[in-house]
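Residue numbers (the numbering used here), protein chains in the order written: chain A, 167 to 388; chain B, 167 to 388; chain C, 167 to 388; chain D, 167 to 388.
A quick write-up on the structure given underneath.
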């Protein structure tokens with residue numbers, strides 16, 4: 167099992183929490199790197215780089231997790247193993263006409279804060295997470311879930327993907343929505359919690375891991 | 167605003183937390199009961215009645231919230247106001263052939279525990295939450311999200327629904343997945359936290375309210 | 167290749183038109199009956215039995231194609247080969263509250279004609295196409311596409327299906343919409359034209375085969 | 167009704183075939199330009215300009231219909247009326263890694279023919295159909311249906327769109343798949359047949375209009 171090596175490698179401190187679970191063994195038994203996609207969500211300067219508008223909100227968790235370095239290493243290893251690497255950025259027009267005139271919730275914040283404007287430095291990939299030529303860029307992401315407003319399902323179907331491995335921003339927002347959707351679409355889902363970041367340690371660790379974990383059993387803890 | 171009366175009525179202790187938020191006023195300004203659907207998720211004996219296999223897991227939160235009585239009253243009031251009442255049960259065949267042979271996560275628990283079998287008492291609606299003749303039953307629910315495996319989007323589209331009001335089981339599982347999806351499909355979403363239940367107070371209150379709330383701002387607290 | 171035997175068997179006069187196409191060989195090379203679902207659409211009395219309201223509209227094409235007998239035989243053979251058999255009926259409430267108050271197109275006709283009412287003889291499966299205990303019933307179908315308002319995608323994902331084989335009513339309406347959606351979701355799709363029926367020979371043969379065929383190359387002709 | 171004026175204006179020879187149909191009056195009665203989106207599909211050089219690889223296949227129907235001029239005028243008028251203008255291009259990487267290694271049907275042709283490569287002249291909008299600053303570009307389109315692999319549903323939801331008006335390439339492929347999906351998602355759908363083109367007059371007129379029309383009643387003929 168090549169992916170088991172990946173899981174136990176030093177390249178990323180994969181957090182493993184449910185590996186002893188009777189169901190999780192089924193997952194590991196059937197993983198095939200050529201049918202596995204690593205989907206990295208919103209590793210853009212707005213979130214991941216000093217100067218990004220949302221960086222101050224996540225930098226504490228990022229630092230504690232060493233998440234950016236973990237993510238970059240994971241991409242490198244997974245690429246070598248033959249996994250498909252997919253990058254799912256979010257972008258908007260300068261006037262945010264993609265979003266409702268009366269938005270609420272996080273989309274209101276994105277619009278109000280003028281984040282992720284197409285063609286700007288902020289919307290570009292963070293320098294350590296630039297896509298390689300062989301990688302696939304997921305297009306269309308305008309909302310939370312990596313599937314809802316994108317061609318991700320098309321890409322996974324065309325590439326015969328069975329296992330989806332997730333990292334990115336925010337742990338309990340876009341990453342979690344993508345994890346939930348991928349889970350019930352029938353994919354095996356692995357969320358690499360040390361390759362994700364949220365706006366507080368409470369969101370990142372206590373809650374996400376302890377509670378979501380008990381529902382989905384698809385998170386790897388250390 | 168008829169719905170504002172509903173919100174302030176005694177019939178259900180609507181928990182209102184973000185009513186002062188500048189975005190939430192947009193929601194309330196535009197609510198029209200005839201374009202509002204109350205979607206009640208999995209009020210079936212398996213969860214909601216003594217004797218159900220999952221009742222022991224949720225009864226503590228149910229009792230503390232008085233959630234079943236709140237939900238029944240909310241349905242009654244919303245029905246009188248002209249909202250569409252939709253019930254979204256989950257059902258499986260006795261051999262659970264709808265679910266993977268190697269399931270994991272909560273679907274593995276549902277299958278392993280032989281829950282929600284079609285035609286049994288456990289899969290039937292709890293007695294205080296039986297659908298009325300004018301109500302609509304959402305069909306197909308096999309997974310977590312109320313949209314992913316059902317005709318809910320079809321029903322909302324055909325009935326020109328703009329606002330989705332949610333209650334049911336489990337707060338942080340099916341209700342939350344439905345809330346997340348409805349939010350980014352462009353619906354106004356109101357999650358009635360005193361009409362939902364989870365398997366622990368931690369999941370029900372501290373986490374859901376404090377954290378999800380900050381992302382979606384569509385939960386009403388008291 | 168067991169499915170190739172199925173294709174060449176006498177049990178159903180599989181119409182094969184593009185078998186010489188260079189791309190179609192890829193399909194046949196990779197078919198595995200255990201990862202194949204036969205999805206039979208709306209084989210209900212309303213369409214398929216004398217006395218059904220829509221039977222007069224399709225009986226001519228049904229007779230010419232011998233489609234009901236072909237479909238029943240195909241189900242039997244595919245079941246023996248280990249394919250998953252899925253039945254996708256359409257049902258509505260007696261007051262058709264699932265459909266818009268101002269419908270148009272075929273949904274207006276279904277509502278106006280009071281077709282497929284839940285619990286009636288008309289909505290029941292035609293007697294030669296009753297589901298077997300091991301078959302799966304797709305739930306939720308309220309519109310045209312077999313995916314849009316149902317749990318079909320969930321069922322295919324959970325059952326690790328790669329190839330979808332289609333039959334049913336109407337060739338150029340629900341069957342075609344399902345074929346189009348399945349195609350771009352990444353499934354291999356085989357539409358058994360002698361197991362489908364439309365309301366005229368023109369729709370059934372000339373148009374569907376000659377034109378759609380050139381786009382999708384996934385129809386088998388004789 | 168401003169949109170009725172649009173319909174009867176000279177700016178585009180709207181083909182009206184079902185205007186006398188009892189259901190169609192419902193559509194016209196409720197059209198509001200601010201809740202209407204004109205979705206123009208694949209008006210890219212590959213299809214629409216001399217030098218595009220697919221231009222030879224469609225130029226005959228384009229010329230007979232005067233479709234490019236009609237489409238450009240329709241966009242102009244609809245923009246002035248306050249409709250949202252959405253452009254839905256299709257793009258692929260130079261190595262077509264978005265598409266299966268063993269494709270079939272029209273996606274095999276697109277890949278085999280190396281069409282619509284991102285960043286090339288061929289993938290750019292035809293010069294008379296360049297998006298205006300206020301227009302919205304639908305992202306992600308990799309398959310046939312304008313919804314399946316894009317953020318179109320997100321955009322329509324956020325912009326509170328009720329009516330979708332369609333034009334583009336190919337009449338019986340992407341346009342028709344989008345029409346079918348939009349119809350059952352509950353939108354009012356108007357397909358402007360003189361703003362679409364197919365690869366033969368047979369596909370464009372006889373078949374599409376006569377047969378599909380009888381199913382959806384949402385096509386305007388002259």
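We treat Cβ as the ideally placed atom computed from N, Cα and C, and that holds for glycine.
- The region 237-268 of chain D contains, as complete beta strand (DSSP E) runs of 3+ residues, the segments 250-254 (chain order).
- For residue 318 of chain C, the closest of C:311, C:304, C:242 by C-alpha to C-alpha distance is C:304.
- Between residue 222 of chain D and residue 253 of chain D, the C-beta spacing is not below 9 Å.
- For the region 337-359 of chain C, the set of residues with a beta-carbon nearer than 8 Å to any beta-carbon of chain A comprises 350, 351, 352, 353, in chain order.
- In the DSSP secondary-structure assignment, residue 360 of chain B is not bridged to any residue.
- Between residue 198 of chain C and residue 354 of chain C, the alpha-carbon positions lie close to 11 Å from each other.
- Interface residue (Cβ-Cβ distance to chain A less than 9 Å): residue 264 of chain D is classified as such.
- When DSSP assignments are scanned along the region 256-340 of chain C, the uninterrupted stretches of alpha helix (DSSP H) that are 4 or more residues long and fall wholly within it turn out to be 272-278, 318-324.
- Close to residue 324 of chain D, with beta-carbon spacing below 7 Å, are these residues of chain A in chain order: 264, 265, 266.
- In chain order, 315, 316, 317 place their CB closer than 7 Å to the CB of residue 306 of chain C, counting only its own chain and leaving out the 5 sequence neighbours on each side.
- Residue 207 of chain C and residue 362 of chain C have their C-alpha atoms some 9 Å from each other.
- Taking residue 326 of chain A as the centre and dropping the five residues before and after it, the same chain places the C-beta of 201 closer than 6 Å to its C-beta, in chain order.
- Relative to the Cα of residue 229 of chain A, the nearest Cα in the group A:219, A:243, A:214 belongs to A:214.
- C-alpha of residue 299 of chain B to C-alpha of residue 339 of chain C: approximately 31 Å in a straight line.
- Collapsing the DSSP output to three states places residue 230 of chain A in a helix.
- Within the DSSP secondary-structure output, residue 206 of chain C pairs in a beta bridge with C:253, C:333.
- In chain order, 211 place their CB closer than 6 Å to the CB of residue 287 of chain B, counting only its own chain and leaving out the 5 sequence neighbours on each side.
- Inter-residue distance for residue 205 of chain D and residue 302 of chain A is about 26 Å (C-alpha atoms, whole angstroms).
- Excluding residues up to 5 positions away in sequence, 203, 330, 353 lie with their Cβ nearer than 8 Å to the Cβ of residue 322 of chain C in the same chain.
- For residue 305 of chain A, the closest Cβ of chain D is nearer than 9 Å.
- With fewer than 16 other Cβ atoms from the protein chains shown falling within 10 Å of its own Cβ, residue 260 of chain D counts as exposed.
- DSSP places residue 351 of chain A outside both helix and strand once states are collapsed to three, so it counts as coil.
- Apart from the 5 residues on each side of it in sequence, residue 248 of chain B sits with its Cβ closer than 7 Å to the Cβ of 199, 200 in its chain, given in chain order.
- Here the alpha carbons of residue 219 of chain A and residue 279 of chain A stand approximately 8 Å from one another.
- In this structure, residue 236 of chain C lies near residue 333 of chain C, with their beta-carbon atoms less than 9 Å apart.
- In the DSSP assignment, residue 215 of chain A falls outside any alpha helix (DSSP H), carrying neither H nor E.
- Residue 367 of chain D and residue 360 of chain D have their alpha carbons spaced roughly 12 Å apart.
- Under a criterion of Cβ atoms nearer than 9 Å, no residue of chain D is adjacent to residue 207 of chain A; the nearest Cβ is some 15 Å distant.
- Taking C-beta separations shorter than 8 Å and ignoring five residues to either side along the sequence, the partners of residue 251 of chain D in its chain run 203, 204, 206, 241, 244, 245, 297, 298, 300, 301, 302, following chain order.
- Linking residue 370 of chain B to residue 336 of chain B through their CA atoms gives a straight-line distance of about 9 Å.
- Taking a C-beta distance under 9 Å as the contact criterion, residue 272 of chain C and residue 308 of chain C do not qualify as a contact pair.
- If you draw a 10 Å sphere on the C-beta of residue 267 of chain C, you find fewer than 16 other C-beta atoms in it, and that means exposed.
- For the pair residue 295 of chain D and residue 238 of chain D, the CB atoms are nearer than the 9 Å cut-off.
- DSSP, read as helix, strand or coil, puts residue 343 of chain C in helix.
- With respect to the C-alpha of residue 290 of chain C, the residue from C:258, C:269, C:225 having the closest C-alpha is C:258.
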